[in-house]
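Position in the sequence shown (from 1) plus 11 gives the number in our numbering.
Backbone N, C-alpha and C define an ideal beta-carbon position, used for all residues, glycine too.
It should be emphasised that the depicted structure is a prediction, and the values quoted were computed from it without experimental measurement.
Here the structure is laid out as structure tokens; the discussion comes afterwards.
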Amino acid sequence: KRKRKNEGINRRRNTLIKKAYELGEVDGIDIALIICKNGRYTTYRSMDHASWPPSMAEIQRAYPLPKNILPQDMKKRGSKNN
12 KRKRKNEGIN RRRNTLIKKA YELGEVDGID IALIICKNGR YTTYRSMDHA
62 SWPPSMAEIQ RAYPLPKNIL PQDMKKRGSK NN
């Protein structure tokens, strides 16, 4: 059962990375993706620059102010659509 669960998680992670890549390629959007599971990180960057992605402090100083989306925000969005 655990192996099947890990396969599902790996498939979802790979799909997320593929979608991030497509979003960057097709729409010209700069993407930084960080996934952490059990202390192990997987990252994807659409730009290969040392300064990318910016730190959270740099993002918070940006103008216009960034949209910070948290899990509870996604839950609210989901309940509005149902």
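Among the options, the one whose alpha carbon lies nearest that of residue i
| i | options | result |
| --- | --- | --- |
| I45 | I28, R15, K14 | I28 |
Beta-carbon proximity list for residue i, same chain, < 7 Å, skipping 5 on both sides
| i | result |
| --- | --- |
| I70 | P77 |
| T53 | R24, I46 |
| L34 | I40, I42 |
Sequence-distant residues of its chain with Cβ nearer than 6 Å to residue i (five each side left out)
| i | result |
| --- | --- |
| N25 | none |
Beta-carbon spacing of residue i, residue j below 8 Å
| i | j | result |
| --- | --- | --- |
| R10 | W63 | No answer is possible for residue 10: the residues shown for the chain start at 12 and end at 93. |
| M58 | D41 | yes |
Please go through the segment 44-87 and give each complete beta strand (DSSP E) segment of 3 or more residues, from N-terminal end onward. List check, beta strand (DSSP E) in window: 51-56.
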